[in-house]
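In our numbering, the protein residues as written are 40 to 538.
Backbone N, C-alpha and C define an ideal beta-carbon position, used for all residues, glycine too.
Inspection log for the structure reproduced underneath, given as structure tokens.
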Ligand code: ADP
Ligand code: GLC
């Protein structure tokens, strides 16, 4: 980005412009497998309004669509050493600018030509050692020295470690680092020799306070959390949960130790992309004033698109999710036949574990016209479900934040969620006496408790439609944007860079 553009962005005469580099493994619309991709897209844009200048550093995966590859401009290249032996690797920089955010893609065919972003830990460990080290080398090469390097998940967790070792006395070594935990389940664990070889990090970091977790293994996330100047996670509740053995994924002690530098900042969603009034993928766009007439048109279109009976009287439950244990799908599987009461339809969109893919395929064949399962990743079907369903299931075992319940609410589709992580922080339980709340919630991870929540939702939907519609309106009006949370990140950046 030119100096002029940067200056134009820094429009607050009092607050100095902060320079922030985001480092992470995926970013919508270039490459997205889940919520991390959404955050890497939406938060930098929201930070522009907080007087931040933001660069996003990403791997240049071969699987990126051609239309995005064509946007990229070559900015330079150099050779970088990696591994214990000091082998050298090519680092190319391909750049794009979109709406004020600069995206720098790191090009290296050996590491990023494999197909999907994540192909298995054996290859992913070298890939993200290279990516983390190259991110810092790219910032030095470009001469763009940020105040803050904001790293995301285990794939970028070695950045804070390289920053204080190999790069400590280079220009970028001045920056402070923030490491955000989007999902503690994935940590980048491998044998100590494998990580020692590929990272080239010094021996003394392979001890217990840093990377080591047992006699044989090292953990990239653990080392990064120890070295980061600050740790955030994506909701206040998850920030507490991960300090317990139930949610800590083996790192609860480590996180308790580092808790003085740990805080939770809840995610938002991009309210321009997720806007039911302007969404081009919808049959009939709608807002709070006309959802009563228009949402039903989207429901009919969804029923048709998904091969369901077109029936306004049926209650449609939606699910858009990675199909993994995290998402509470075994609860849904256990109660499925009891949900199907003749007045209910279920639409599922997702890919993941074959156990769940097959279960939903089975229900589709068992309940023809009432259940539809699209076992695929598809943005346009996702939009159709958020708009056309009546209620939306997110019964997660754990959920650091969760974006699907936020999108559902913004589209006036009532969430049914378990009270964990960000689901607890964003969905206020429905209170019939006070006519308040955003959705139906349950606390304990038990099939019958989910069934009870679904039945409570059905009761209001079928017998008290006025209150249901009031809740739809409340949800559509709820602030699920990034505005407040981006301001909290900006405050955090200021505190750190002032230290
Ligand atoms: P996670 O990151 O754990 O998968 P989130 O709720 O944070 O969960 O984010 C999931 C994101 O991925 C949402 O934007 C959701 O719409 C999208 N998504 C998940 N599965 C699919 C799918 N099969 N097709 C399209 N979008 C999907
Ligand atoms: C992770 C979490 C999800 C969160 C997303 C974005 O994938 O599973 O809960 O919303 O990251 O932070």
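Any heavy atom of the ligand ADP closer than 8 Å to the Cβ of residue i?
i: residue 115; result: no
i: residue 198; result: no
i: residue 192; result: no
i: residue 60; result: no
i: residue 70; result: no
i: residue 77; result: yes
i: residue 145; result: no
i: residue 74; result: yes
i: residue 416; result: yes
i: residue 64; result: no
i: residue 361; result: yes
i: residue 253; result: no
Measure from the alpha carbon of residue i to the alpha carbon of each residue in the options, then state which is nearest.
i: residue 528; options: 83, 69, 73; result: 83
i: residue 329; options: 86, 451, 390; result: 451
i: residue 371; options: 218, 431, 150; result: 431
i: residue 346; options: 410, 129, 435; result: 410
i: residue 468; options: 447, 510, 438, 503; result: 510
i: residue 176; options: 71, 146, 280; result: 146
i: residue 447; options: 478, 500, 272; result: 478
i: residue 296; options: 311, 279, 348; result: 279
i: residue 460; options: 220, 408, 261, 262; result: 220
i: residue 497; options: 518, 429, 327, 89; result: 429
i: residue 334; options: 414, 356, 427; result: 427
i: residue 188; options: 154, 413, 96; result: 96
i: residue 325; options: 516, 124, 126, 119; result: 516
Going along the chain, which residues of its own chain have a beta-carbon closer than 6 Å to the beta-carbon of residue i, five neighbours each way excluded?
i: residue 57; result: 91, 186, 532
i: residue 81; result: 309, 521
i: residue 268; result: 215, 216, 535
i: residue 165; result: 237
i: residue 132; result: 114, 115, 143, 177
i: residue 323; result: 333, 336, 337
i: residue 476; result: 467, 468, 469, 470
i: residue 320; result: 419, 422
i: residue 85; result: 521, 525
In chain order, what residues of the same chain lie with their CB nearer than 7 Å to the CB of residue i, ignoring the 5 residues before and after it?
i: residue 122; result: 236, 237, 239
i: residue 203; result: 266
i: residue 65; result: 71, 72, 75, 76, 79, 156
i: residue 518; result: none
i: residue 343; result: 349
Is any heavy atom of the ligand GLC found at a distance shorter than 8 Å from the C-beta of residue i?
i: residue 476; result: no
i: residue 439; result: yes
i: residue 314; result: no
i: residue 243; result: no
i: residue 367; result: no
i: residue 273; result: yes
i: residue 189; result: no
i: residue 222; result: yes
i: residue 460; result: yes
i: residue 9; result: The structure shown has nothing for residue 9, since the chain only spans 40 to 538.
i: residue 442; result: yes
Less than 9 Å between the beta carbons of residue i and residue j, yes or no?
i: residue 234; j: residue 168; result: yes
i: residue 270; j: residue 301; result: yes
i: residue 242; j: residue 222; result: no
i: residue 201; j: residue 117; result: no
i: residue 276; j: residue 303; result: yes
i: residue 314; j: residue 352; result: no
i: residue 70; j: residue 103; result: yes
i: residue 360; j: residue 433; result: yes
i: residue 273; j: residue 440; result: yes
i: residue 101; j: residue 151; result: yes
i: residue 384; j: residue 348; result: yes
i: residue 537; j: residue 425; result: no
i: residue 173; j: residue 263; result: no
i: residue 5; j: residue 449; result: The chain is shown only over 40 to 538; residue 5 falls outside these bounds and no answer can be derived.
i: residue 506; j: residue 474; result: yes
i: residue 59; j: residue 93; result: yes
i: residue 492; j: residue 455; result: yes
i: residue 514; j: residue 453; result: yes
i: residue 139; j: residue 87; result: yes
Give every residue of the same chain whose Cβ lies closer than 8 Å to the Cβ of residue i, excluding the five residues on either side of it in the sequence, and list them in chain order.
i: residue 107; result: 68, 69, 135
i: residue 363; result: 391, 392, 395
Quiz item: Between the segment 325-343 and the segment 370-380, are three or more C-beta pairs nearer than 8 Å?
Solution: no
Quiz item: Contact between the segment 279-291 and the segment 196-215: three or more CB pairs below 8 Å?
Solution: no
Quiz item: Within the chosen definition, does the segment 416-435 reach the segment 392-404 through at least 3 CB pairs nearer than 8 Å?
Solution: no
Practice problem: Check whether the segment 243-257 touches the segment 225-232, counting contact only when three or more Cβ pairs, one atom from each stretch, lie closer than 8 Å. | Solution: yes
Quiz prompt | Touch test, the segment 157-167 against the segment 99-115, Cβ-Cβ under 8 Å, three pairs minimum | solution = no
Quiz item: Taking three-plus beta-carbon pairs below 8 Å as touching, is the segment 479-489 in contact with the segment 359-371?
Solution: yes
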